[in-house]
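Student: For any residue, its number in the numbering used here is found by taking its place in the sequence shown, counting from 1, and adding 14.
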Amino acid sequence: MDVDHVIEPGPGEDLRYLQRRAEEELEMAQRSIVPEATAAHYRLAEAYLDRIEANEVAAASGQSAAEPAAQELAPPATLRTGEAGPSRTDQAAR
15 MDVDHVIEPG PGEDLRYLQR RAEEELEMAQ RSIVPEATAA HYRLAEAYLD
65 RIEANEVAAA SGQSAAEPAA QELAPPATLR TGEAGPSRTD QAAR
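1. Evaluate the contact criterion for the region 67–74 versus the region 47–55: three or more CB pairs, one atom per stretch, below 8 Å.
2. Suppose you measure from the CA of D28 to the CA of Y62; what does that come to, to the nearest Å?
3. What first and last residue would you give for the alpha helix (DSSP H) that runs through V71?
4. Pick out whichever of E39, Q33 and R30 has its Cα sitting closest to the Cα of L58.
5. Which word fits Y2, buried or exposed, when buried means at least 16 other C-beta atoms lie within 10 angstroms of its C-beta?
6. Could you tell me how far apart the beta carbons of H55 and A36 are, in whole angstroms, since I believe they sit closer than 8 Å?
7. Exposed or buried, R34, counting other C-beta atoms within 10 Å across all chains shown (16 or more means buried)?
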C-alpha cells in the first residue's frame with residue numbers, strides 16, 4: 015500500500031488537520047530507531063505536505079483541490095529515489 019491509499023484527498027480538507035498530521039509524522043520519524051519506519055514516516059509527512067500544497071495551489075487558481083488537475087504531477091523526487099528525509103520535510107520541521 016502506498017501513501018496515496020492512506021491519505022485520500024477529499025472535498026474541503028482541513029488544512030490544520032493536514033499540517034498537524036505532517037508535524038506528527040515528522041516527530042515520529044525523528045524518534046524512530048528503525049530505518050524503514052523512519053523512511054515511512056518521512057514519506058507520510060511528505061504526502062501530507064503535498065496535500066497542503068495542492069490545496070494552496072487550487073485556492074490560488076480558484077479551483078477545488080478535490081477537482082482533478084489538468085496535468086498529473088510527478089511524485090516528489092524523494093519518493094522516486096526512495097530516499098528518507100525529503101528536503102521540504104526537513105524545512106517544515108524547523
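Cβ coordinates follow ideal geometry from the N, Cα and C atoms, glycine included.
Tutor: On the basis of the supplied data:
1. These segments do not touch.
2. In the sequence shown, counting from the first residue as 1, residue 28 sits at position 14. In the sequence shown, counting from the first residue as 1, residue 62 sits at position 48. About 11 Å.
3. As a working mapping, residue 71 is identified with position 57 in the sequence shown. Boundaries of the alpha helix (DSSP H) harbouring V71: P49 to S75, taken from the DSSP string.
4. The residue you call residue 58 lines up with position 44 of the sequence shown. From the listed residues E39, Q33 and R30, the smallest Cα separation to L58 is found for E39.
5. Shown here, the chain extends from 15 to 108; a query on residue 2 therefore has no answer.
6. For this step, residue 55 is matched to residue 41 along the sequence shown. For this step, residue 36 is matched to residue 22 along the sequence shown. Here H55 is actually not in contact with A36; their C-beta atoms are around 10 Å apart, not less than 8 Å.
7. Translated into the one-based positions of the sequence shown, residue 34 becomes position 20. The residue is exposed, with fewer than 16 neighbouring Cβ atoms inside 10 Å.
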